[in-house]
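Student: Numbering (full-length UniProt numbering), first residue to last: 1 to 137. The structure is given below, and queries will be raised subsequently.
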(Lines of atoms letter the chains of each structure in order from A and count residues from 1; the text may use other names and numbers.)
(Lines give C-alpha, C1' and ligand atoms only; values in the text may rest on other atoms or scores of the structure.)
Protein backbone atom coordinates (compact mmCIF):
# COMPACT_ATOMS: atom_id res chain seq x y z
CA UNK A 1 0.00 0.00 0.00
CA UNK A 2 2.85 2.42 0.85
CA UNK A 3 4.20 2.28 -2.72
CA UNK A 4 0.86 3.50 -4.09
CA UNK A 5 0.58 6.24 -1.49
CA UNK A 6 4.07 7.47 -2.40
CA UNK A 7 3.10 7.78 -6.06
CA UNK A 8 -0.04 9.76 -5.23
CA UNK A 9 1.84 11.98 -2.76
CA UNK A 10 4.52 12.64 -5.36
CA UNK A 11 1.91 13.73 -7.88
CA UNK A 12 -0.01 15.93 -5.44
CA UNK A 13 2.23 18.91 -6.24
CA UNK A 14 1.69 21.07 -9.34
CA UNK A 15 5.40 21.33 -10.20
CA UNK A 16 5.90 17.57 -10.01
CA UNK A 17 2.82 17.01 -12.15
CA UNK A 18 4.19 19.50 -14.68
CA UNK A 19 7.54 17.65 -14.73
CA UNK A 20 5.87 14.31 -15.41
CA UNK A 21 3.66 15.90 -18.06
CA UNK A 22 6.71 17.28 -19.89
CA UNK A 23 8.42 13.90 -19.81
CA UNK A 24 5.32 12.17 -21.17
CA UNK A 25 4.71 14.72 -23.92
CA UNK A 26 8.33 15.04 -25.06
CA UNK A 27 9.16 11.35 -24.60
CA UNK A 28 12.82 12.20 -24.05
CA UNK A 29 14.93 12.55 -20.91
CA UNK A 30 15.52 16.14 -19.77
CA UNK A 31 18.20 17.68 -17.58
CA UNK A 32 17.62 19.83 -14.50
CA UNK A 33 18.49 23.07 -16.30
CA UNK A 34 15.94 22.33 -19.03
CA UNK A 35 13.21 21.82 -16.43
CA UNK A 36 14.37 24.97 -14.62
CA UNK A 37 14.03 27.15 -17.70
CA UNK A 38 10.84 25.57 -19.03
CA UNK A 39 8.96 25.64 -15.74
CA UNK A 40 10.54 28.88 -14.49
CA UNK A 41 11.23 27.28 -11.13
CA UNK A 42 14.60 27.71 -9.34
CA UNK A 43 17.09 24.89 -9.82
CA UNK A 44 17.10 23.85 -6.17
CA UNK A 45 13.30 23.41 -6.26
CA UNK A 46 13.45 21.40 -9.48
CA UNK A 47 16.10 19.14 -7.95
CA UNK A 48 13.99 18.60 -4.84
CA UNK A 49 10.92 17.71 -6.91
CA UNK A 50 12.92 15.34 -9.12
CA UNK A 51 14.20 13.53 -6.02
CA UNK A 52 10.63 13.01 -4.77
CA UNK A 53 9.50 11.69 -8.16
CA UNK A 54 12.52 9.39 -8.33
CA UNK A 55 11.87 8.04 -4.82
CA UNK A 56 8.30 7.25 -5.89
CA UNK A 57 9.68 5.34 -8.91
CA UNK A 58 7.91 7.68 -11.31
CA UNK A 59 11.14 8.78 -13.02
CA UNK A 60 14.68 7.51 -13.37
CA UNK A 61 17.99 9.26 -13.82
CA UNK A 62 20.84 8.65 -16.20
CA UNK A 63 24.24 10.32 -15.77
CA UNK A 64 26.17 11.31 -18.87
CA UNK A 65 29.40 13.03 -17.93
CA UNK A 66 28.57 16.00 -15.74
CA UNK A 67 24.95 16.02 -16.91
CA UNK A 68 22.10 14.11 -15.31
CA UNK A 69 19.03 13.39 -17.41
CA UNK A 70 15.67 12.42 -15.96
CA UNK A 71 13.14 10.37 -17.88
CA UNK A 72 10.24 8.03 -17.46
CA UNK A 73 11.11 4.52 -16.30
CA UNK A 74 11.68 2.09 -19.14
CA UNK A 75 9.75 -0.61 -17.30
CA UNK A 76 6.51 0.52 -15.69
CA UNK A 77 4.05 -1.58 -13.75
CA UNK A 78 0.38 -1.49 -14.74
CA UNK A 79 -0.48 1.00 -11.98
CA UNK A 80 2.20 3.46 -13.12
CA UNK A 81 1.09 3.04 -16.75
CA UNK A 82 -2.45 3.98 -15.71
CA UNK A 83 -1.19 7.05 -13.85
CA UNK A 84 0.84 8.15 -16.87
CA UNK A 85 -2.17 7.62 -19.11
CA UNK A 86 -4.32 9.78 -16.82
CA UNK A 87 -1.72 12.57 -16.81
CA UNK A 88 -1.59 12.43 -20.59
CA UNK A 89 -5.33 13.23 -20.62
CA UNK A 90 -4.79 16.65 -19.01
CA UNK A 91 -5.96 19.16 -21.65
CA UNK A 92 -2.96 20.51 -23.60
CA UNK A 93 -4.01 24.14 -23.19
CA UNK A 94 -3.59 23.94 -19.41
CA UNK A 95 0.13 23.19 -19.72
CA UNK A 96 0.80 24.74 -23.15
CA UNK A 97 3.29 27.32 -21.82
CA UNK A 98 5.44 24.54 -20.35
CA UNK A 99 5.43 22.74 -23.70
CA UNK A 100 6.34 25.93 -25.60
CA UNK A 101 9.21 26.65 -23.22
CA UNK A 102 10.62 23.11 -23.31
CA UNK A 103 10.49 23.17 -27.11
CA UNK A 104 12.67 26.32 -27.03
CA UNK A 105 15.14 24.58 -24.72
CA UNK A 106 15.25 21.39 -26.76
CA UNK A 107 15.97 23.46 -29.87
CA UNK A 108 19.32 24.61 -28.42
CA UNK A 109 20.61 21.12 -27.64
CA UNK A 110 23.85 20.08 -29.30
CA UNK A 111 23.79 16.58 -30.79
CA UNK A 112 20.67 15.85 -28.76
CA UNK A 113 22.32 16.82 -25.47
CA UNK A 114 21.94 19.76 -23.14
CA UNK A 115 25.24 21.58 -22.92
CA UNK A 116 24.11 25.05 -22.03
CA UNK A 117 23.00 25.24 -18.40
CA UNK A 118 20.25 27.54 -17.16
CA UNK A 119 19.52 30.32 -19.67
CA UNK A 120 17.00 32.49 -17.86
CA UNK A 121 18.96 35.04 -15.86
CA UNK A 122 16.36 35.56 -13.14
CA UNK A 123 16.66 31.87 -12.25
CA UNK A 124 20.44 32.03 -11.94
CA UNK A 125 20.42 34.72 -9.28
CA UNK A 126 18.23 32.84 -6.79
CA UNK A 127 21.29 31.47 -4.99
CA UNK A 128 24.33 33.58 -5.96
CA UNK A 129 26.69 31.19 -4.15
CA UNK A 130 25.43 28.32 -6.28
CA UNK A 131 25.50 30.18 -9.64
CA UNK A 132 28.58 28.28 -10.78
CA UNK A 133 26.96 24.93 -9.97
CA UNK A 134 23.68 25.95 -11.64
CA UNK A 135 25.45 27.07 -14.81
CA UNK A 136 27.16 23.69 -15.07
CA UNK A 137 23.85 21.82 -14.99
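Where is the CB? At the ideal position from N, CA and C, for every residue including glycine.
How would you label residue 20, buried or exposed, when you count the other beta carbons within 10 angstroms and need 16 or more for buried?
Tutor: buried
Student: Kindly indicate which residue of 54, 22, 26, 67 has the alpha-carbon position closest to the one of residue 138.
Tutor: With the chain covering only 1 through 137, there is no way to say anything about residue 138.
Student: How many angstroms separate the CA atom of residue 9 from the CA atom of residue 57?
Tutor: 12 Å
Student: With burial defined as no fewer than 16 other Cβ atoms inside 10 Å of the residue's Cβ, what is the status of residue 5: buried or exposed?
Tutor: exposed
Student: Given this structure, state the Cα-to-Cα distance separating residue 112 from residue 22, to the nearest angstrom.
Tutor: 17 Å
Student: I'd like to check one pair, residue 62 with residue 91: are the Cβ atoms closer than 8 Å?
Tutor: no
Student: Based on Cα-Cα distance, which residue from 104, 50, 13 lies nearest to residue 71?
Tutor: For residue 71, the closest C-alpha among the options 104, 50, 13 is that of 50.
Student: Report back the beta-carbon spacing between residue 17 and residue 98 to the nearest angstrom; my notes put them in contact at under 8 Å.
Tutor: With a Cβ gap of about 10 Å, residue 17 and residue 98 do not count as contacting.
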